[in-house]
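Take a look at the structure below.
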Amino acid sequence: MKRPVQMVLLVLSGLGLLQASLFTDLFLRYVKPGMRPLLIASGVVLLALGLAEARAAYRSRSKRHHEAHQPPPQQEADKPSRHHEADTPPGHHEAHPPPRVAWLLFLPALSLLFYAPPALGAYTAAREEPRVVDTETQDARDEDFDPLPATSPLPITLGDFTRRVQQDRTRAIEGRTVEMTGFVTPAGEDGSWYLTRLLISCCAADVQSVKVRVYGVAAPKADTWVSVTGVWHPGGTLGTSSAEVALDVRTVNEVERPSNSYMDALPLG
0 MKRPVQMVLL VLSGLGLLQA SLFTDLFLRY VKPGMRPLLI ASGVVLLALG
50 LAEARAAYRS RSKRHHEAHQ PPPQQEADKP SRHHEADTPP GHHEAHPPPR
100 VAWLLFLPAL SLLFYAPPAL GAYTAAREEP RVVDTETQDA RDEDFDPLPA
150 TSPLPITLGD FTRRVQQDRT RAIEGRTVEM TGFVTPAGED GSWYLTRLLI
200 SCCAADVQSV KVRVYGVAAP KADTWVSVTG VWHPGGTLGT SSAEVALDVR
250 TVNEVERPSN SYMDALPLG
């Protein structure tokens with residue numbers, strides 16, 4: 000890959016990172032919010048390197064142009080011309096060009112500028128096992144859970160609902176109408192589907208899913224973000240790990256995708 004092409008690649012990569020992290024929220028499709036300063040710094044460094052490379056290339060070209068128009072020294076002009084190979088230092092060989100696959104490096108840079116890949120959704124969630132909550136052992140205590148507010152429907156995250164169903168021995172969630180928000184993941188059986196959230200620790204590469212199976216309402220289109228209300232769907236023994244994390248849904252309302260979709264948040268209000 001020639002020097003001008005390397006320069007263009009550095010500049011495009013820097014501009015792509017800055018656009019995704021400084022001027023938009025696109026970076027939230029790939030990393031946690033706390034990574035934003037690092038992405039901005041990386042974009043600035045890449046852009047600076049590209050501009051420095053452009054300046055160095057311009058100065059080198061100007062120097063060669065200047066030398067080409069200078070008259071050769073008299074002593075050099077009187078000497079017989081030598082073959083090019085004689086001027087080549089011993090052991091010096093022309094560098095081999097990089098493989099053509101190196102041109103693929105332009106794809107991620109251009110995609111950030113013109114077509115950013117979408118956030119992960121139902122396709123990924125359908126291939127991920129639900130995140131396992133930290134289920135307590137036989138000595139789990141009822142006081143580990145605070146009393147639930149009396150409000151109805153009760154706003155709750157998918158993770159908290161899962162813990163209440165499988166760990167809360169007071170069975171406080173039984174019969175309560177809850178409200179949760181997530182996106183639709185087809186289940187492919189029983190006419191049910193999953194209300195889903197994807198969680199990341201650092202970036203989209205370490206994504207995990209938390210799911211609640213939904214009964215009673217036909218599945219909306221995959222990846223649709225919805226807010227649902229309903230009650231726990233009986234299955235297994237409530238308050239133990241055998242309890243099914245499922246909901247008998249009463250209402251389903253489509254909502255906007257949140258800007259930061261990689262977190263298990265309370266219903267959108």
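Take the sequence shown: its letters are residues 0 to 268, numbered as in numbering that gives the first Met the number 0. In this text, a Cβ means the ideal position worked out from N, Cα and C, and glycines have one as well.
Bounds of any beta strand (DSSP E) do not take in Val7; it lies within the alpha helix (DSSP H) bounded by Arg2 to Leu17.
Phe160 counts as buried, since at least 16 other C-beta atoms from the protein chains shown sit within 10 angstroms of its C-beta. Here Asn259 is not bridged, per DSSP, to any residue.
Its Cα nearest to that of Ile172, the residue Ala242 stands out among Ala242, Arg28, Pro107 and Lys220.
Of the residues Ser200, Ser208, Ala125 and Ser151, the one whose Cα lies closest to the Cα of Glu188 is Ala125. Residue environment analysis places Lys220 among the exposed positions, since fewer than 16 neighbouring C-beta atoms fall within 10 angstroms of its C-beta. Looking at the DSSP output, Thr184 shares a beta bridge with Tyr193. In this model, Leu153 and Gln207 are separated by some 25 Å (Cα to Cα). Pro107 is not a Cβ neighbour of Ser20, given a cutoff of 9 Å. In the same chain as Asp143, and ignoring 5 residues on each side of it, no C-beta atom comes closer than 6 Å to its own. Ala115: not part of any alpha helix (DSSP H); DSSP gives it neither H nor E.
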